[in-house]
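Residue numbers (the numbering used here), protein chains in the order written: chain A, 3 to 286; chain B, 16 to 342.
Where a beta carbon is used, it is the ideal one built from N, C-alpha and C, also for glycine.
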Amino acid sequence: MRPNFMRDVFRDPWFMAGLGLAILFAVVAALGPTLSPYDPRDMRFAPISPPSSEHLLGVNDGGQDIFSELLYAVKNTVAFGLWTASLGLLAGVIIGVSAGWIGGWVDLVLMRIADVLLAVPSIMVLIFTAALFRPPPLLLATILAALSWPTTSKGIRAQTLSLKQALHLRAVSRMGAGNFYIIRRHLIPEMFPLYLVGFAAKARMAMFMEASLAFLGLFDPGRKSLGMMISYALKYYYMDIWWNWLMPPILCLSMLIGSVTFLAISLEKALDPRLRESIGGQGA
Amino acid sequence: MVRALRSRYRISIGLPAVFLAAALFMVFLSYALPRLLPGDFVTAMYASSNVTLSEEQEAALRSYYTSQETFREYLMRWIRLDWGYSYAYMTPVSSLFFEALPWTLLLLGSANLLSLTLGFFLGVEAAWRWDSRGGKWLVGWMTLFEGMPEMVTGVLLLLIFALHLGWFPAAGAETAYADLSFFKRVADVGHHLALPLLTLVVAYVPGNFLLTRNSMMIFLRSPFTTTARAKGLSARRVRYAHVARNALLPLVTRFGLRVSFMVTGALVVERIHAYPGLGTLLFNAIQARDLPVIQGVVLMSSLMVLAVILCLETVYRILDPRIGYAS
Numbered sequence: 003m004r005p006n007f008m009r010d011v012f013r014d015p016w017f018m019a020g021l022g023l024a025i026l027f028a029v030v031a032a033l034g035p036t037l038s039p040y041d042p043r044d045m046r047f048a049p050i051s052p053p054s055s056e057h058l059l060g061v062n063d064g065g066q067d068i069f070s071e072l073l074y075a076v077k078n079t080v081a082f083g084l085w086t087a088s089l090g091l092l093a094g095v096i097i098g099v100s101a102g103w104i105g106g107w108v109d110l111v112l113m114r115i116a117d118v119l120l121a122v123p124s125i126m127v128l129i130f131t132a133a134l135f136r137p138p139p140l141l142l143a144t145i146l147a148a149l150s151w152p153t154t155s156k157g158i159r160a161q162t163l164s165l166k167q168a169l170h171l172r173a174v175s176r177m178g179a180g181n182f183y184i185i186r187r188h189l190i191p192e193m194f195p196l197y198l199v200g201f202a203a204k205a206r207m208a209m210f211m212e213a214s215l216a217f218l219g220l221f222d223p224g225r226k227s228l229g230m231m232i233s234y235a236l237k238y239y240y241m242d243i244w245w246n247w248l249m250p251p252i253l254c255l256s257m258l259i260g261s262v263t264f265l266a267i268s269l270e271k272a273l274d275p276r277l278r279e280s281i282g283g284q285g286a
Numbered sequence: 016m017v018r019a020l021r022s023r024y025r026i027s028i029g030l031p032a033v034f035l036a037a038a039l040f041m042v043f044l045s046y047a048l049p050r051l052l053p054g055d056f057v058t059a060m061y062a063s064s065n066v067t068l069s070e071e072q073e074a075a076l077r078s079y080y081t082s083q084e085t086f087r088e089y090l091m092r093w094i095r096l097d098w099g100y101s102y103a104y105m106t107p108v109s110s111l112f113f114e115a116l117p118w119t120l121l122l123l124g125s126a127n128l129l130s131l132t133l134g135f136f137l138g139v140e141a142a143w144r145w146d147s148r149g150g151k152w153l154v155g156w157m158t159l160f161e162g163m164p165e166m167v168t169g170v171l172l173l174l175i176f177a178l179h180l181g182w183f184p185a186a187g188a189e190t191a192y193a194d195l196s197f198f199k200r201v202a203d204v205g206h207h208l209a210l211p212l213l214t215l216v217v218a219y220v221p222g223n224f225l226l227t228r229n230s231m232m233i234f235l236r237s238p239f240t241t242t243a244r245a246k247g248l249s250a251r252r253v254r255y256a257h258v259a260r261n262a263l264l265p266l267v268t269r270f271g272l273r274v275s276f277m278v279t280g281a282l283v284v285e286r287i288h289a290y291p292g293l294g295t296l297l298f299n300a301i302q303a304r305d306l307p308v309i310q311g312v313v314l315m316s317s318l319m320v321l322a323v324i325l326c327l328e329t330v331y332r333i334l335d336p337r338i339g340y341a342s
């Protein structure tokens with residue numbers, strides 16, 4: 003891509019804000035379980051008590067420590083997002099590059115499957131699957147990834163088609179390099195910045211879905227999640243719990259989604275030089 | 016002319032085939048999943064309750080709730096608009112569905128209309144004034160709002176405007192049992208609609224805004240814009256009649272791609288504001304494990320999503336003839 007891609011990105015305040023939040027959440031997600039003072043499923047505390055020195059954010063209706071709940075919830079949401087995004091991106095890139103480079107009936111079959119999957123409303127499939135047999139979260143994330151690769155692969159395919167015309171790739175091909183070699187050594191590395199955008203966009207979508215599914219009560223109640231915490235706290239809105247029980251998961255969720263959104267927006271901007279406002283200036 | 020017609024003809028075969036396949040996939044999933052599952056509805060329904068069933072009761076329930084339909088019968092039943100009976104309410108699923116549908120359509124329709132117009136005009140103006148303080152300020156706020164999911168905005172608005180200030184009702188779509196004249200009733204419905212509508216508008220506007228602005232930024236520098244300006248057209252004419260028309264196309268595509276995500280947003284927002292639409296119906300059905308209702312809501316909403324995307328795709332291909340040749 004463009005040689006000064008990384009430099010542009012690191013000058014964008016939105017990118018830095020997103021990166022900062024992402025690092026913060028990565029640390030919380032990685033250390034969460036060791037930092038949490040109690041087991042989030044431990045129900046032996048006095049239900050709905052206000053915050054104290056023992057319970058930083060108080061106790062919920064089931065007698066569980068809210069701060070520990072929050073740490074596990076962040077970890078679960080982040081894990082869901084990362085797993086879906088990695089898997090979806092991997093499938094999307096491999097399928098998109100193969101379809102674009104090999105062409106012919108491979109392209110035809112793969113792209114027709116992509117068309118159909120693009121039309122299928124994935125959220126409905128997830129709601130239905132989850133409502134019926136409460137599968138483990140990892141399986142739901144995998145289903146979501148399996149339904150979400152087409153958006154990436156369409157873009158990657160288009161990019162591959164334009165790279166196909168490039169002189170160096172025609173040269174490599176004439177020199178007798180095989181498809182697999184060209185895909186692995188040339189095509190996949192050349193589109194690197196595109197993956198970053200795709201990854202951020204997919205992670206955003208997946209965390210959003212996770213929160214919505216949890217909010218609708220579609221995960222195992224023992225699995226802590228931001229959406230579920232919000233949904234439970236909302237039942238007690240008439241009590242004075244909004245600042246210690248309802249606000250923390252709300253803030254975490256919006257910062258989490260915000261972090262990936264800012265990253266995706268600024269990467270997209272840096273990738274499209276036409277969006278740069280003035281020559282030599284940085285994008286707004 | 017002939018080429019244009021031919022490309023349109025090709026669309027009319029290819030696109031519906033894709034959507035028919037997607038629709039059949041959803042119908043098949045809703046048929047097969049409940050039958051493939053480990054465990055069944057009766058066990059799930061009573062597993063978490065204190066009710067203990069005798070062997071005969073359980074067998075009777077199971078035979079009542081397990082159907083032996085073939086896929087063909089299932090499909091024909093849905094085509095005849097016979098969607099079965101709700102386990103929890105013992106009423107036809109279709110009547111529950113059509114009671115909830117108008118509220119969801121009202122909410123989603125007005126939210127989309129408002130956010131498309133707002134996002135479009137703000138985007139056009141912000142792109143035109145990209146160098147001014149106002150333009151940059153708008154981009155900053157919109158980027159910030161784009162990071163806020165419906166769940167967050169919805170709860171915040173509910174806390175502030177319904178529970179703390181008490182300006183808006185916290186639940187429902189109209190005052191129950193109120194015998195109001197037509198205009199008062201419209202005002203009442205609008206009053207209940209305000210908060211969920213505002214939540215969705217805050218959620219949808221930033222995306223529309225950023226996309227319109229991005230495509231405007233690109234088109235503002237194309238030769239045809241320079242030509243339009245050189246012709247001595249007024250700034251507003253150049254902005255709307257020439258540039259913004261092109262920026263409308265990506266907006267239509269994005270709308271199509273996002274239809275299914277909007278459904279989730281609406282489900283969550285309805286639940287937060289206790290709005291009696293499909294989201295609330297689905298939520299209650301999930302809580303009660305009311306399979307026919309879950310099946311009905313999921314299947315019919317996905318078919319509606321598919322229909323909307325199909326319409327938009329067709330519109331898009333007519334608006335932009337290049338698409339037809341590319342594929």
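**Asked** A164 (chain B) and L265 (chain A) look like a contact to me (Cβ under 8 Å); what is the Cβ gap, rounded to whole Å?
**Response** To locate residue 164 (chain B), count along the second sequence from 1; it is residue 149. To locate residue 265 (chain A), count along the first sequence from 1; it is residue 263. At residue 164 (chain B) the sequence reads Pro, which differs from the Ala that was named. No, P164 (chain B) and L265 (chain A) are not in contact; Cβ-Cβ is about 16 Å, not under 8 Å.
**Message:** Please report whether the beta-carbon of D10 (chain A) lies at a distance below 8 Å from any beta-carbon of chain B.
**Reply:** Position 8 of the first sequence holds residue 10 (chain A). Not an interface residue.
**Prompt:** Which residues does DSSP pair with D67 (chain A) in a beta bridge?
**Reply:** Here residue 67 (chain A) refers to the residue found at position 65 when the first sequence is read from its first residue. In the DSSP output, where bridge partners are listed per residue, D67 (chain A) has A:V61.
**Request:** Grab the span of the alpha helix (DSSP H) containing L264 (chain B) for me, first residue to last.
**Result:** As a first step, residue 264 (chain B) is located in the second sequence; it is residue number 249 there, counting from the start. Start and end: R260 to I287.
**Item:** Residue-level contact to chain A via CB, R286 (chain B), 8 Å cutoff
**Value:** Here residue 286 (chain B) corresponds to residue number 271 of the second sequence, with the count starting at 1. Closer than 8 Å: yes.
**Prompt:** Of all the CB atoms in chain A, is at least one closer than 8 Å to the CB of Q302 (chain B)?
**Reply:** What you label residue 302 (chain B) is simply residue 287 of the second sequence in a count that begins at 1. At least one chain A Cβ lies under 8 Å of Q302 (chain B).
**Request:** For A37 (chain B), go through chain A and note every residue whose CB falls closer than 9 Å to its CB, in chain order.
**Result:** Here residue 37 (chain B) refers to the residue found at position 22 of the second sequence. Result: D117, V118, L119, L120, A121, V122 and P123.
**Request:** For the alpha helix (DSSP H) containing L208 (chain B), list its first residue and its last residue.
**Result:** Looking up residue 208 (chain B) in the second sequence gives position 193. It spans F197 to L235 - the alpha helix (DSSP H) in which L208 (chain B) sits, taken as one unbroken run.
**Request:** Mind checking who Y100 (chain B) pairs with in its DSSP beta bridge?
**Result:** Working through the second sequence from its first residue, we reach residue 100 (chain B) at position 85. Paired residues: B:P107.
**Message:** Just to confirm, is the Cβ distance from A322 (chain B) to V312 (chain B) under 8 Å?
**Reply:** As a working mapping, residue 322 (chain B) is identified with position 307 in the second sequence. As a working mapping, residue 312 (chain B) is identified with position 297 in the second sequence. No; because the gap between Cβ atoms is not below 8 Å, this pair is not in contact.
**Asked** Terminal residues of the continuous alpha helix (DSSP H) containing H170 (chain A)?
**Response** Within the first sequence, the letter at position 168 stands for residue 170 (chain A). Note, H170 (chain A): alpha helix (DSSP H), L169 to R176.
**Prompt:** Which residues in the same chain as G34 (chain A) place their Cβ atom closer than 8 Å to its Cβ, once the five residues preceding and following it in sequence are excluded?
**Reply:** Your numbering for residue 34 (chain A) matches position 32 in the first sequence. Once the five neighbours on either side are set aside, the close Cβ partners of G34 (chain A) are L73, Y74, V76 and K77.
**Request:** Whole angstroms is fine: what's the gap from A186 (chain B)'s alpha carbon to M230 (chain A)'s?
**Result:** Residue 186 (chain B) sits at position 171 when you count from the first residue of the second sequence. Residue 230 (chain A) sits at position 228 when you count from the first residue of the first sequence. One C-alpha to the other measures close to 20 Å.
**Message:** When you compare the CB of L111 (chain B) with every CB in chain A, is at least one pair closer than 8 Å?
**Reply:** Your numbering for residue 111 (chain B) matches position 96 in the second sequence. Among the residues facing chain A, L111 (chain B) is not included, as its CB has no counterpart in that chain under 8 Å away.
**Prompt:** Would the stretch 134-142 of chain B and the stretch 254-271 of chain B be scored as touching if the rule is three or more Cβ pairs under 8 Å?
**Reply:** yes
**Prompt:** Can you find a C-beta in chain A that's less than 8 Å from the C-beta of P31 (chain B)?
**Reply:** In the second sequence, the residue the question calls residue 31 (chain B) occupies position 16. With 8 Å as the cut-off, P31 (chain B) does not count as an interface residue toward chain A.
**Message:** By the three-class DSSP mapping on this structure, what secondary structure does S38 (chain A) have?
**Reply:** For the purposes of this step, residue 38 (chain A) is identified with residue 36 of the first sequence, where counting begins at 1. Of the three classes helix, strand and coil, the one that applies to S38 (chain A) here is coil, per DSSP.
**Any chain A beta carbon closer than 8 Å to L226 (chain B)** = Taking the second sequence and counting its residues from 1, one reaches residue 226 (chain B) at position 211. No, L226 (chain B) does not count as interfacial toward chain A.
**Message:** At a cut-off of 7 Å, would you count W244 (chain A) as near the ligand FAD, judging by its Cβ distance to the nearest heavy atom?
**Reply:** Among the ligands in the structure shown, none appear at all, so the ligand FAD cannot be discussed.
**Request:** Indicate whether at least one CB of chain B lies closer than 8 Å to the CB of I281 (chain A).
**Result:** By one-based count along the first sequence, residue 281 (chain A) stands at place 279. Interpretation of I281 (chain A) is limited by its pLDDT of 33, a score under 50 that renders its predicted location unreliable; no figure is taken from the coordinates.
**Message:** Within 8 Å of any Cβ in chain D, is that where the Cβ of F130 (chain A) sits?
**Reply:** Given the protein chain composition of this structure (A and B), no chain D is represented.
**Message:** What would DSSP say about S69 (chain B), mapped onto helix, strand or coil?
**Reply:** Taking the first residue of the second sequence as 1, we reach residue 69 (chain B) at position 54. If DSSP states are grouped into helix, strand and coil, S69 (chain B) belongs with coil.
**Request:** Measure the alpha-carbon distance for L266 (chain B) versus M105 (chain B) and round it to whole angstroms.
**Result:** In the second sequence, the residue the question calls residue 266 (chain B) occupies position 251. In the second sequence, the residue the question calls residue 105 (chain B) occupies position 90. Going from the Cα of L266 (chain B) to the Cα of M105 (chain B) covers about 43 Å.
**Request:** Evaluate contact between the stretch 157-168 of chain A and the stretch 186-203 of chain A, counting only Cβ atoms and requiring at least three cross-stretch pairs below 8 Å.
**Result:** yes
**Asked** Can the beta-carbon of M277 (chain B) be found less than 8 Å from the beta-carbon of A213 (chain A)?
**Response** Taking the first residue of the second sequence as 1, we reach residue 277 (chain B) at position 262. Taking the first residue of the first sequence as 1, we reach residue 213 (chain A) at position 211. No, the pair does not count as a contact, with Cβ atoms beyond the cut-off.
**Prompt:** Roughly how far, in whole angstroms, is the beta-carbon of G60 (chain A) from the beta-carbon of S51 (chain A), given that I think they are within contact range, below 8 Å?
**Reply:** The residue you call residue 60 (chain A) lines up with position 58 of the first sequence. The residue you call residue 51 (chain A) lines up with position 49 of the first sequence. So it is a contact: roughly 6 Å between Cβ atoms.
**Request:** Mark L141 (chain A) as exposed unless 16 or more other C-beta atoms lie within 10 angstroms of its C-beta, in which case mark it buried.
**Result:** Here residue 141 (chain A) is taken as the residue at index 139 of the first sequence, counted from 1. With fewer than 16 other Cβ atoms within 10 Å, it is exposed.
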